[in-house]
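*Asks:*
Following this line, the structure appears as structure tokens:
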């Protein structure tokens, strides 16, 4: 039983084909694909003329606001293949004291399994279901694995999840609780990815690594669609996005292009700020060097595990979007990240995750160096609930039988 | 900056007065109140004829779906007093495998600070702000304190939070991270409440204990309003509600009455099931004994800390609502609670909190004993995100340098 028509109504779909993000080579829709023949991500293409004719913006605006309202711009053909745990439109929370008068945090921690990974995985799992996949493996720093486990479990797909040994305990336990088999590997996320890749090559499972299947990006794209709707089709001046694999940044950039073609938004774009941690900043290094690709970052280390990604298969797509937007790639140190998390919680009552804190730290730095102006409308992405991350010890003992100095409390 | 008109538009308000829930004695609106003169909760009353004339249902339905859409049925007079961290309408998630075909979980873990306590506290804090309160103290099993800390911090009100020593570490840390001073007391929540009450009597702070100020119930009422809107003004057959202080159950019951007076719903009501833990079931004991009030439960113990409430000041209101509805008060054991949490996560991919698990355990029991039918449309309240609670250890070590038997994964 569902009361949400977005999950139950049959709707026309408009996918025409997939294409290689590097060469433009064309691939058939409705077939199982990994990377393109040159080892790069595939992008889903739509008949946007068809969407324009059949799904006017006002029609979509009249629907409930969850992720599935965007169905005509999503790849899932049959309503029966939709999987859902309640993918609500995430709220924009002002942080006037720790950020500024024009800063809004898109609080992605409200999604199922507590992170924006739900957007990508709900779509990828629905497509895996549609295409008959029965076993999936994935490397993860934590949140993606939790989202995969939840959605795959929901539709009876078997999952193997590999995490770097530094992955927080709560993430590992959450993944297991939601029905996946989970392993800790003594290495980084790309070491986990290598094991997943080997098994996929041997036909043991389908590889769900970031951008190695074509549909997570379509799910993440909804962040861009939602922002446009929330800003009443006039995008903010800048977006600060915590960038590991970069699927969300690539996805939003794709969404903006699709919406412009549809006539839903104009040609103006936000400056895209790809935010990384100083201890793992391959995109920043490539951006500053003017390179199209980013080399692997050795000895990656940061408190923000979600952006501890030494090598991204979509590096060139991230770099292109950032450059086209007039934005920049920025690295921030762990102390600035932790201070931003602490300030935001203590001053504005919003507990961000470290990766979210990194965007606030980067915004502060961008303000200081004049990359953005205080009058600019800015969106920071808090990609997960702060509750999954370690917080400082607290709680002073009080003896109810003793003499309590109430004035001292 | 906010893009949500619910938070920025001035709207008419309709509070006429407050009244004692026991005697009906009348109290002035727009003044600071605690309990009534006989020590019972105060209820807020509205000019519902005025609401009917000025705020038709269709007008409210056209607004964004967050909690503040219900403004004409809420006590906050001035828009400037609204405090918000993005109180979204929480989704209804089907759990067909662990629950059944007609079971929906209202996933309150999506609210700010990860629990339904945000509903009550956002309202109480906004009213405290409106009425000039500068310092608040509260006893809490965890989640209420976190919500209080976040909202009070946001509008510069000082907060003291007292927790039983058994309160999970994550809750205590979250409260402190969000700017409150937090203490652990060697006792139960009512022992904490006694200390808070003493300080309030001495004029040191305002007492924010459950139902001891009149506005948390108005915030929790929105659960009932939301359910009606989500079910298109035809309520479900049964609601299973984890019952500690019972504010939400009382609030929903009040909401149903107000909506019937407004002509928004008919006279049909869901059967209300007040769910408690076998280790702390004062309401169940009173219900079964036919009493109007519930005696304190000694040596309370359960894994579901949120319903470890030995004595509820609104006991008679809970008991009345349950009886009027034709529902019942039910206790479930910790093993059944933990099994329900585990089943729901492993089968349906939804990680509930133990209190949410208690409602699933109670539903199963009610189904078995014929109190509800499998065809009945049923709502279970998952009152907080499962991420705040201990999960079993997981994660098998895998050596990337070693020989990995991929077939064995």
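Residue numbers (full-length UniProt numbering), protein chains in the order written: chain F, 1 to 409; chain R, 1 to 409.
By construction, the Cβ of each residue, glycine as well, lies at the ideal position given by its N, Cα and C atoms.
Using 8 Å as the threshold, is the region 280-296 of chain R in touch with the region 73-81 of chain R, meaning 3 or more CB pairs across them?
*Replies:* Counting Cβ pairs under 8 Å, fewer than three are found: no touch.
*Asks:* If you scan the region 280-362 of chain R from start to end, which runs of the alpha helix (DSSP H) of 4 or more residues do you find wholly inside it?
*Replies:* 282-289, 315-325, 334-348
*Asks:* I want to verify the contact list: residues of chain R whose CB lies under 9 Å from the CB of residue 101 of chain F, in sequence order.
*Replies:* In chain order: 1.
*Asks:* Curious, which full-length beta strand (DSSP E) runs of at least 3 residues does the region 121-188 of chain F contain?
*Replies:* The region 121-188 of chain F contains these whole beta strand (DSSP E) runs: 135-139, 158-164, 181-185.
*Asks:* Near residue 130 of chain R, which residues of its chain fall below 7 Å by C-beta distance, leaving aside the five closest residues on each side in sequence?
*Replies:* Leaving aside the five residues that flank residue 130 of chain R on each side, the residues in its chain whose CB is nearer than 7 Å to its CB run, in chain order, 76, 77, 78, 81.
*Asks:* Quick check: the Cα distance between residue 52 of chain F and residue 259 of chain R, rounded to an integer number of angstroms?
*Replies:* 40 Å
*Asks:* Residue 153 of chain R and residue 179 of chain R: beta carbons closer than 7 Å?
*Replies:* yes
*Asks:* Would you list the one or two residues that DSSP bridges to residue 43 of chain F?
*Replies:* F:19
*Asks:* Between residue 278 of chain R and residue 202 of chain R, what straight-line distance do the alpha-carbon atoms span, to the nearest angstrom?
*Replies:* Whole-angstrom Cα-Cα distance: 37 Å.
*Asks:* In terms of residue numbering, what span does the alpha helix (DSSP H) encompassing residue 250 of chain F cover?
*Replies:* Annotation for residue 250 of chain F: the continuous alpha helix (DSSP H) segment containing it runs 247-262.
*Asks:* Is residue 55 of chain R helix, strand or coil by DSSP?
*Replies:* coil
*Asks:* Assess contact between the region 131-151 of chain R and the region 369-381 of chain R, defined as three or more Cβ pairs (one per stretch) separated by less than 8 Å. Is contact present?
*Replies:* Three or more beta-carbon pairs separated by less than 8 Å are not found between the region 131-151 of chain R and the region 369-381 of chain R, which leaves the two stretches without contact.
*Asks:* Residues of chain F with a CB under 8 Å from the CB of residue 199 of chain R: which are they?
*Replies:* Going along chain F in sequence order, the residues near residue 199 of chain R (Cβ under 8 Å) are 406, 409.
*Asks:* Could you round the C-beta distance between residue 25 of chain F and residue 37 of chain F to whole angstroms and report it? I think they count as a contact, below 8 Å.
*Replies:* 7 Å
*Asks:* Going by C-alpha to C-alpha distance, which of F:232, F:370, F:253 sits closest to residue 239 of chain F?
*Replies:* When each option's Cα is compared against that of residue 239 of chain F, the closest is F:253.
*Asks:* Are there 16 or more other CB atoms within 10 angstroms of the CB of residue 296 of chain R, so buried, or fewer, so exposed?
*Replies:* Exposed, because fewer than 16 other Cβ atoms sit within 10 Å of the Cβ of residue 296 of chain R.
*Asks:* Do we get a CB-CB distance below 7 Å when we pair residue 204 of chain F with the residues of chain R?
*Replies:* yes
*Asks:* For a contact meaning CB atoms closer than 8 Å, what does residue 392 of chain F contact in chain R?
*Replies:* 173, 176, 177
*Asks:* At a CB distance below 7 Å, what residues from the region 30-58 of chain F approach chain R? Give them in sequence order.
*Replies:* none
*Asks:* Can you name the residues that DSSP bridges to residue 94 of chain R?
*Replies:* R:104
*Asks:* Quick one: measure Cβ to Cβ for residue 68 of chain R and residue 137 of chain R, integer angstroms, because I've assumed they're closer than 8 Å.
*Replies:* Going by Cβ atoms, the distance from residue 68 of chain R to residue 137 of chain R rounds to 26 Å, so no, they are not a contact pair.
*Asks:* Measure how close the beta-carbons of residue 91 of chain R and residue 88 of chain F come, nearest whole angstrom, since I'm counting them as under 8 Å.
*Replies:* 6 Å
*Asks:* Answer yes or no: does any C-beta atom of chain R fall closer than 7 Å to that of residue 363 of chain F?
*Replies:* no
*Asks:* Start and end of the beta strand (DSSP E) containing residue 397 of chain F?
*Replies:* 396-398
*Asks:* Run through DSSP, which three-state label would residue 382 of chain F get?
*Replies:* strand
*Asks:* What number of angstroms, rounded off, separates the C-alpha of residue 399 of chain F from the C-alpha of residue 125 of chain R?
*Replies:* Residue 399 of chain F and residue 125 of chain R have their alpha carbons spaced roughly 28 Å apart.
*Asks:* Does any residue of chain F bring its CB to less than 7 Å from the CB of residue 348 of chain R?
*Replies:* yes
*Asks:* Can you list the residues of chain F that residue 154 of chain R reaches, using a CB-CB cut of under 7 Å?
*Replies:* 348, 349
*Asks:* Quick test of your reading: residue 168 of chain F and residue 389 of chain F, contact by CB under 8 Å. State the CB separation rounded to the nearest angstrom.
*Replies:* 7 Å
*Asks:* Does the beta carbon of residue 187 of chain F come closer than 7 Å to any beta carbon on chain R?
*Replies:* Yes, residue 187 of chain F lies at the interface with chain R (some Cβ there is under 7 Å from its Cβ).
*Asks:* Going along the region 109-128 of chain F in order, which residues come within less than 7 Å of chain R, judged by CB to CB distance?
*Replies:* 110, 114
*Asks:* Using a Cβ-Cβ cutoff of 9 Å, what residues of the region 61-73 of chain F are near chain R? List them in chain order.
*Replies:* Within the region 61-73 of chain F, the residues whose Cβ lies closer than 9 Å to any Cβ of chain R are, in chain order, 64, 65, 66.
*Asks:* By DSSP's criteria, residue 273 of chain F is part of a beta bridge. Which residues make up the other side?
*Replies:* F:240, F:328
*Asks:* Rounded to the nearest angstrom, how far is the Cβ of residue 316 of chain R from that of residue 292 of chain R, given a contact under 8 Å?
*Replies:* Yes, residue 316 of chain R and residue 292 of chain R are in contact; Cβ-Cβ is about 5 Å, under 8 Å.
*Asks:* Note down, in chain order, all residues in the region 13-27 of chain R with a beta-carbon under 8 Å from any beta-carbon belonging to chain F.
*Replies:* none
*Asks:* Excluding five sequence neighbours on each side, which residues of the same chain lie with their C-beta closer than 6 Å to the C-beta of residue 43 of chain R?
*Replies:* 19, 21
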